[in-house]
Structure formats: C-alpha cells, structure tokens
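What follows is one structure encoded as structure tokens, with my remarks underneath.
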Amino acid sequence: MLPPSMPEGGGRSPELQHFRAFEAIHRLGGLTAAAQELGMTQPALSKALGLLRRYYGDELFVRSKQGMRPTPLARRLALDVQQLVGLVQERLRAPSGFDPARSSRTFRISCTEVGAIHFMPRLLAAVRDSAPGVRWEVVPLAGDALGGLLASGEIDLVLSAYQAQRPGLSSQALYSVGHCCLVRAGHPRIGQDLTLERFCAEKHVVASISDTQHAYRRVEQAIVQTAGEGAIGLRVHSLLTAPFIVAQSDHIFTATEQIARQMAQLPGLRLLPCPLPLPPIVVHQYWHSRQDQDPAVGWLRALVARHFAQPLPEVHAAQA
Numbered sequence: 001m002l003p004p005s006m007p008e009g010g011g012r013s014p015e016l017q018h019f020r021a022f023e024a025i026h027r028l029g030g031l032t033a034a035a036q037e038l039g040m041t042q043p044a045l046s047k048a049l050g051l052l053r054r055y056y057g058d059e060l061f062v063r064s065k066q067g068m069r070p071t072p073l074a075r076r077l078a079l080d081v082q083q084l085v086g087l088v089q090e091r092l093r094a095p096s097g098f099d100p101a102r103s104s105r106t107f108r109i110s111c112t113e114v115g116a117i118h119f120m121p122r123l124l125a126a127v128r129d130s131a132p133g134v135r136w137e138v139v140p141l142a143g144d145a146l147g148g149l150l151a152s153g154e155i156d157l158v159l160s161a162y163q164a165q166r167p168g169l170s171s172q173a174l175y176s177v178g179h180c181c182l183v184r185a186g187h188p189r190i191g192q193d194l195t196l197e198r199f200c201a202e203k204h205v206v207a208s209i210s211d212t213q214h215a216y217r218r219v220e221q222a223i224v225q226t227a228g229e230g231a232i233g234l235r236v237h238s239l240l241t242a243p244f245i246v247a248q249s250d251h252i253f254t255a256t257e258q259i260a261r262q263m264a265q266l267p268g269l270r271l272l273p274c275p276l277p278l279p280p281i282v283v284h285q286y287w288h289s290r291q292d293q294d295p296a297v298g299w300l301r302a303l304v305a306r307h308f309a310q311p312l313p314e315v316h317a318a319q320a
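Residue 175 in the UniProt record's numbering sits at position 175 of the sequence shown; the count goes up by one each step and never skips.
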C-alpha cells in the first residue's frame, strides 16, 4: 500500500493524519470543508498538505473555480489513500462503539432525488432529539460505481431499487412498492378510471435513465412493449420535472406509489391506479461488508430498517 514507491521529493515520511488530510481534501474539494470535518485549523491542514507535497514532489491539489482539483499523481494515489484511511479507522475504532447523542459524524447516503424526498424527512425527524449533532449528505445514485464508493468509504449507505450485485456488498430488502399514474385534473379523456386501452392510447412522460436495471428504466421498457415506442411523448432527465409537466399537459407519468402520492399533492394532479401489469419493485439498503464492524454504519442501518422495513410478500422476499 502507501507509499507506492520512493517519491522524487523525499523528506519526512507522512503519517496517518497527513493521509487523512489528503483523503478529506480529495473527497470534499476544499481546504475549509476538509479542516472542519477533521476538526483541524486550516493552517494545520495546509501544513499537512505541504508535507505531502514535499514528500511526493508534486502539488497534489491545485486551486480552480471548482475547488481544489487533484493532479494526475493525486488521482493515482486517491484509492490507496482511501483504503488505507478506511482500514486504519475501522481497526482502531474505539470499542465503546458509536454514541449518536454525542456524534457530529456526517453520514453520506446515496439515493435518487425522489428517494431523498421519501427517506430524508423521516430520518431527520427520527434523530432530531436523539442525535442532534449528526449531519447528513445525499449524493447522486451511481449504479455502476456504487460498489467502489461504498468500499472506499465515500458513501455509507445506498437506498435504492437498483439491483446491485457487486463483490463485497451486503443488502437488506426494506419494502416492496407498486405503481400509480399521475394525470392532470382536467384531462379531457381520462375520468375516474384509467383503462389499459386508454393508457396505451395516451402519450407518456418517462425518465431517461440509461441503466437497464433502474426501476424507472424498466417502466419505460414496459410502456414501449405494451403501447409501442410512439407512446413515449417526452423523456426527461429528472423525475422531479415530470409532475409539473403532467399538471400542464395531457401526458401520463407512471411512478412508484410512494413517490406518486407525494407528487400528487401538487395542484392540478390526480392519482390513479396503473393499469399496466408492472411487477412491484423491492427497495433495498446496501452497504459494504467492510462496514459490518463500523458501529456508526450499523446504527444507520438499524435506523433505516426501524423506520422503513416492512414485511415483504413471499414472492418478493424470495427474490430479495
């Protein structure tokens, strides 16, 4: 592991705190944010970075409009540094465990934007009094990269219907959910019932997601298979735009029931059962097996399970 080879710069060898500084700067993209997370002053963090720069004979991070950008050498070192810091923190974690009442840890959860709308209000309310110092960050869901992000510790948990099969990943099925359709309140051809025939005759808004394993990509595929490619009237790149468009058009948007019910609270929308025979999806929480011994991540998983886990129908429990 580190150092990968004798660097050209030489000088005093880095210690763990220097690599922790490197990892925080690389992940957060700024000295101020990294210093705050590590509980260091900015001069102390700059001093740690300076030692690394001398040791490796490289700037490692350069200022830009987007923050501190890693040099090619820093990008090559990043994964080793993340693994080193994560391993040491895991092995040296205090045996007393995690005390949420005194913690100021930032938990990073990866989910979709609509997933954040579903999960985060309840989680924030659940810890308001019991873990007031805990902080949260929601990061975009990156299906192909989630295994590496969990392994490196860049994210703590993934909440998704994405079917993740990666070495080292563990999962818990939380609940299954069906689908509903959103239409505008004054739709000229759709009354209190939405038949499959009418569903196929109308235009649809779908989320343009390239990953074929994503739940909304499978909805699009089912619409095309049943009603034809011509039924797709609009593709959007953000699920949150769909209800605003539907409220002002004659298009239909098909979403998971939990999200559709939240979207239906917007003015001008109606919620109807989906006539398309879509199989319910199962939402999971995913984590890396290296985090099994991390009491903080264990607390987070238990928190999510306590507030969202529901018994699954037998067919879905077997699939999960």
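Quick reminder that beta carbons are idealized off the backbone N, C-alpha and C, glycines included.
In this structure, the CA atom of L45 is about 25 Å from the CA atom of L150.
Under the DSSP assignment, H307 falls in the alpha helix (DSSP H) whose first and last residues are 295 to 308. Rounded to the nearest whole angstrom, the CA to CA distance from C274 to G39 is 51 Å.
Beta-bridge partners assigned by DSSP to T254: C181.
When only Cα atoms are considered, G298 and D80 end up about 24 Å apart. In the displayed model, G86 falls within a helix according to three-state DSSP.
H187 and A231 do not touch by the CB rule: their CB atoms are close to 16 Å apart, not below 8 Å. Pairing L276 with F119, the inter-Cα distance amounts to about 26 Å.
Contact between the stretch 244 to 261 and the stretch 181 to 199 is present: 3 or more CB-CB pairs across the two stretches fall below 8 Å. Segment contact: the stretch 122 to 133 against the stretch 156 to 175, fewer than three CB-CB distances shorter than 8 Å; contact not assigned.
With contacts defined as CB atoms closer than 7 Å, Q42 and A35 qualify as a contacting pair. Excluding its 5 nearest sequence neighbours in each direction, L124 has C-beta neighbours in its own chain below 8 Å: W136, listed in chain order. With distances taken between CA atoms, G67 lies nearest to G30 out of G30, R102, P100, A74. DSSP places P43 within a helical segment (H, G or I) once states are collapsed to three. By the Cβ neighbour-count rule, Q291 is buried, with 16 or more other Cβ atoms within 10 Å of its own.
Bounds of the beta strand (DSSP E) holding E137 are 135 to 139.
If the five residues before and after L52 are omitted, its C-beta is found closer than 7 Å to the C-beta atoms of P14, H18, F22, L60, all from its own chain and listed in chain order.
In this structure, V114 sits near I259, with a CB-CB distance shorter than 7 Å. Secondary structure at A101: coil, using DSSP grouped into helix, strand and coil. Here S289 has G168, L169, S170 as same chain residues with Cβ atoms under 8 Å from its own Cβ, once five neighbours each way along the sequence are excluded.
No residue range can be given for A231, since it is assigned to no beta strand (DSSP E) and is classified by DSSP as neither H nor E. Look at S176 here: in three-state DSSP terms it is strand. About 23 Å separates the CB atoms of P243 and S176; that is not less than 8 Å, and the two are not in contact. The C-alpha of L278 lies about 40 Å from the C-alpha of P100.
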